[in-house]
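Everything on this sheet refers to the single structure shown next.
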Amino acid sequence: MLEEARWYVIHTYSGYENKVADTIITAVENRHLNHLIHEVKIPTETVIEIADGKEKKIERKLFPCYVLIKMIMTDDSWYIVRNIRGVTGFVGPGTKPIPLKDEEVARFGIETETVEIKNSFDVGDSVKIVHGAFEGFIGKVQSIDLSTRTAKIVVSMMGRDSVVDMDLKDIDNI
34 MLEEARWYVI
44 HTYSGYENKV
54 ADTIITAVEN
64 RHLNHLIHEV
74 KIPTETVIEI
84 ADGKEKKIER
94 KLFPCYVLIK
104 MIMTDDSWYI
114 VRNIRGVTGF
124 VGPGTKPIPL
134 KDEEVARFGI
144 ETETVEIKNS
154 FDVGDSVKIV
164 HGAFEGFIGK
174 VQSIDLSTRT
184 AKIVVSMMGR
194 DSVVDMDLKD
204 IDNI
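Quick note on this note's numbering: the sequence shown kicks off at 34 and runs consecutively.
Written out as structure tokens, the structure is:
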């Protein structure tokens, strides 16, 4: 009986993380090794940089030169991963890879894909527009789209209600 799949850390040459991950995924598909190698991840974080008044999202590697792999450690799976171009070895003493502990997996957030964006208002709330062409206007939140970080705001102009799309950073609670 095979053991349970665990997370291991692979060390790579600098800048080879994506190539190594892609090569492992291709090898798993071509050799039908889905039962041994389950997942390959490069832990990243999205950082928003603001320069010249414009937001720019940058994907930054949390652990440069490292790739995480969830696999069942056998001689075959070890050999395949270890011999991928760009892999310098598994993290562990000597040639024996050491799996991550459950606490480490939880702390690194490896198995969670949830990205939480917090805002201080909900649909139906009155908000003040603090930036842009409608700065100073008061409106009511009609909908919120966390994936694009925008909200539809109903604003009254010249006696008529108009719906405007606003970045979440451009509106604030009253």
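Every residue, glycine too, gets a C-beta built ideally from N, C-alpha and C.
Computed from a predicted model, the values in this text were never measured in an experiment.
Going by CA-CA distance only, name the one from the options that's closest to residue i.
i	options	result
T183	R193, V197 and S159	V197
M199	M190, R193, T181 and S189	T181
E50	R64, P97 and E92	P97
G125	W111, I171 and V61	W111
F170	F154, V156, I177 and V188	V188
K90	D205, H164 and T77	T77
I57	I117, I75, A139 and Y99	I117
D108	S47, K129, K202 and T121	K129
D194	N206, K173 and T45	K173
V93	K185, G48, G157 and E36	What sits at residue 93 in the sequence shown is Arg, not Val. The candidate whose alpha carbon is nearest that of R93 is G48.
With 16 other CB atoms within 10 Å as the buried threshold, where does residue i fall?
i	result
I43	buried
A166	exposed
A54	buried
L179	exposed
T145	Model confidence at T145 stands at a pLDDT of 49, short of 50, so the residue's coordinates are unreliable; what they give is reported in the following sentence. With fewer than 16 Cβ atoms within 10 Å of its Cβ, T145 is classed as exposed.
L69	buried
V127	Per the sequence shown, residue 127 should be read as Gly rather than Val. Exposed: under 16 other Cβ atoms inside 10 Å.
T59	exposed
T121	exposed
I204	buried
In the DSSP assignment, find the unbroken alpha helix (DSSP H) run with residue i in it and report its ends.
i	result
Y41	Run containing Y41: none in the alpha helix (DSSP H); it sits in the beta strand (DSSP E), R39 to T45.
R140	D135 to F141
Helix, strand or coil for residue i per DSSP?
i	result
L20	Absent from the model: residue 20. The displayed extent of the chain is 34 to 207, so no value can be given.
Y49	coil
V148	Its pLDDT being 44, under 50, V148 is placed unreliably in this model, and the value from its coordinates should be taken loosely. Reduced to three states, the DSSP call for V148 is coil.
E62	helix
M34	Residue placement at M34 cannot be trusted, given a pLDDT of 43 that sits under 50; what the coordinates show is reported in the next sentence. Coil.
I105	coil
T56	helix
L78	Here residue 78 turns out to be Glu, not Leu, going by the sequence shown. Strand.
Could you spell out the range, first to last residue, of the beta strand (DSSP E) harbouring residue i?
i	result
I113	Here I113 belongs to no beta strand (DSSP E); instead the alpha helix (DSSP H) covers D108 to R115.
K87	K87 to K94
D205	I204 to N206
R193	R193 to D200
H71	I70 to K74
I131	Element bounds for I131: n/a, residue is neither H nor E.
V160	S159 to I162
Per DSSP, what are the beta-bridge partners of residue i in this structure?
i	result
I186	V174 and V197
F123	I43
Under 8 Å, Cβ to Cβ, is there at least one residue of chain B near residue i?
i	result
I75	The structure shown contains no chain B; it is built from a single protein chain.
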